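Trainee: Please see the structure below; I have some questions.
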Amino acid sequence: MTPPRGTGMPLPPLTSPVRMIGGRRFDFAREIAIMAIVNRTPDSFFDQGRDFELDRAVESACAAAAAGADWVDIGGVPFSPDTPPVGEAEELDRVLPVITETARRSSVVISVDTWRPEVARRAIAAGASVINDTSGLHDQELAEVVAGSAATLVVTHSRAAPGQHLRRPQYGDVVTEVRQFLADRVNLAIGLGVPEDRIVIDPGHDLNKNTQHSLELTRRLSEIARLGLPLLAAVSNKDFIGEATGLDKPDRLAPSIAAAAVCAWQGARILRMHDAAAAAAAATMIETIAGFTAPVYERHNLN
1 MTPPRGTGMP LPPLTSPVRM IGGRRFDFAR EIAIMAIVNR TPDSFFDQGR
51 DFELDRAVES ACAAAAAGAD WVDIGGVPFS PDTPPVGEAE ELDRVLPVIT
101 ETARRSSVVI SVDTWRPEVA RRAIAAGASV INDTSGLHDQ ELAEVVAGSA
151 ATLVVTHSRA APGQHLRRPQ YGDVVTEVRQ FLADRVNLAI GLGVPEDRIV
201 IDPGHDLNKN TQHSLELTRR LSEIARLGLP LLAAVSNKDF IGEATGLDKP
251 DRLAPSIAAA AVCAWQGARI LRMHDAAAAA AAATMIETIA GFTAPVYERH
301 NLN
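At position 245 of the sequence shown the residue is numbered 245 (UniProt numbering), and the sequence of numbers has no breaks.
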């Protein structure tokens, strides 16, 4: 089914739109994947430790998959530098059991949010198919670990080292600078052995950015999508959502869906969201409006 004329939806010029990730086929030229979030941390910025217990983390991962998530992103270290540091051994203790049990119980694509090469190595061995590095390849060995596997690497824009708080970040043109950073890091990853068709990019909403920066990235996300790689947008419940609307975290679902939809319409093909069911329904609607898929049924004014 070809997109109908006049949708106005920019189609990103993906160099390798069809990907095999975690044993599943994704065609990012006409498909939007949902990445659910499971933070096995006692101090996550959003859920404040809801999934810290192992059984609860696994249940959340499997429930997200049942609700429509294509990927589940498992994290053991909060991004915020204002939380206590977590060592490598503790991070491994947090994420590996969740990966192992989720892989046993579900066919969902498992992603691990880490910047540490050893955590990535052992996560892949345990069943992870995606390494989501929110540090922007701060440790280049991580790319080498991914290169030696079949895993996909998410390259994210982030100007600060892990655990470092970059206060009052300054950009001339945030979109141009983020785009160039991602292009450079993608070339670095390729040079370290990661095939281009196993790289995803993420502009890093709110990561070392203020609300105006994140809003500008959202407005002009199509400029980032033109890099030609599948783009991940992680906007769910973030501070720029709260500051734009004045809503507290428990009340940010609707504006999070709105921001994700704007990103998807400009080329984002993976949406990292806290509410998998709502996000999956929104993605289906976007795909249907764009003409990527047909309505589930049609009865209105046909009889």
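Note that CB positions come from ideal geometry on N, CA and C, so glycine has one too. Here the structure is a predicted model, which means the values were calculated and not measured.
Should Met-35 be labelled buried (16 or more other beta-carbon atoms within 10 Å of its own) or exposed?
Mentor: buried
Trainee: Based on DSSP bridge pairs, tell me the residues matched to Met-9.
Mentor: DSSP output for Met-9 lists no bridge partner at all.
Trainee: Which residues mark the beginning and the end of the alpha helix (DSSP H) in which Trp-71 is found?
Mentor: Looking at the DSSP string, Trp-71 is not in any alpha helix (DSSP H); the run it does join, the beta strand (DSSP E), is 71 to 75.
Trainee: Thinking C-alpha only, which one of Gly-163, Gly-242, Val-119, Pro-162 is nearest Glu-144?
Mentor: Val-119
Trainee: What is the DSSP secondary structure of Ala-160, counted as helix, strand or coil?
Mentor: coil
Trainee: Report the residue from Ser-149, Ser-129, Ala-89, Gly-68 whose alpha carbon sits nearest the alpha carbon of Thr-74.
Mentor: First, the residue type needs correcting, since residue 74 is Ile and not Thr in the sequence shown. When each option's Cα is compared against that of Ile-74, the closest is Ser-129.
Trainee: Let me check understanding here. Comparing Cα to Cα, which of Asp-184, Ser-158, Phe-181, Leu-271 lies closest to Ser-80?
Mentor: Ser-158
Trainee: Reducing DSSP to helix, strand and coil, say where Ala-244 ends up.
Mentor: In the structure shown, Ala-244 falls within a helical segment according to DSSP collapsed to helix, strand and coil.
Trainee: According to DSSP, is Val-174 helix, strand or coil?
Mentor: helix
Trainee: Give the single residue among Asp-113, Ile-270, Phe-240 whose Cα lies nearest to the Cα of Asn-208.
Mentor: Closest by alpha carbon: Phe-240.
Trainee: DSSP three-state label for Ser-236, please.
Mentor: coil
Trainee: Mind reading off the beta-carbon distance from Arg-108 to Ala-61? Whole number of angstroms is fine, and I expect it under 8 Å.
Mentor: First, the amino acid is wrong: residue 108 is Val here, not Arg. Right, the Cβ-Cβ distance comes to about 7 Å (below 8 Å), so this counts as a contact.
Trainee: Can you tell me whether Gly-172 is buried or exposed? The criterion is at least 16 other CB atoms within 10 Å of its CB, across all chains shown.
Mentor: exposed
Trainee: Does DSSP put Val-194 in a helix, in a strand, or in coil?
Mentor: coil
Trainee: Alpha carbons only, please: which of Ala-125, Ser-135, Ile-99, Ile-124 is nearest the one belonging to residue 304?
Mentor: Since the first residue of the chain shown is 1 and the last is 303, residue 304 is not available in this structure.
Trainee: Alpha carbon to alpha carbon, how far is Leu-232 from Arg-64? Give it in angstroms, no decimals.
Mentor: The sequence given here has Ala at residue 64, not Arg. Linking Ala-64 to Leu-232 through their CA atoms gives a straight-line distance of about 18 Å.
Trainee: Could you tell me the boundaries of the alpha helix (DSSP H) in which Ala-64 lies?
Mentor: Annotation: the continuous alpha helix (DSSP H) that includes Ala-64 extends over 54 to 66.
Trainee: Measuring straight from C-alpha to C-alpha, what distance separates Ile-131 and Arg-198?
Mentor: 10 Å
Trainee: When you compare only the Cα positions, how much space is there between Met-9 and Leu-54?
Mentor: Taking C-alpha positions only, Met-9 is separated from Leu-54 by approximately 41 Å.
Trainee: What residue range does the beta strand (DSSP E) around Asp-27 cover?
Mentor: Asp-27 -> beta strand (DSSP E) spans 24 to 27.
Trainee: By the 10 Å Cβ neighbour count, where 16 or more other Cβ atoms means buried, how is Asp-82 classified, buried or exposed?
Mentor: exposed
Trainee: How is Asn-303 classed by DSSP in three states: helix, strand or coil?
Mentor: coil
Trainee: Which residue or residues does DSSP assign as beta-bridge partners of Leu-221?
Mentor: For Leu-221, which the question treats as bridged, DSSP gives no partner whatsoever.
Trainee: Is DSSP giving Leu-153 helix, strand or coil here?
Mentor: It is a strand residue.
Trainee: Please tell me whether Ile-124 and Ser-106 are closer than 8 Å, where the distance is taken between their beta carbons.
Mentor: no
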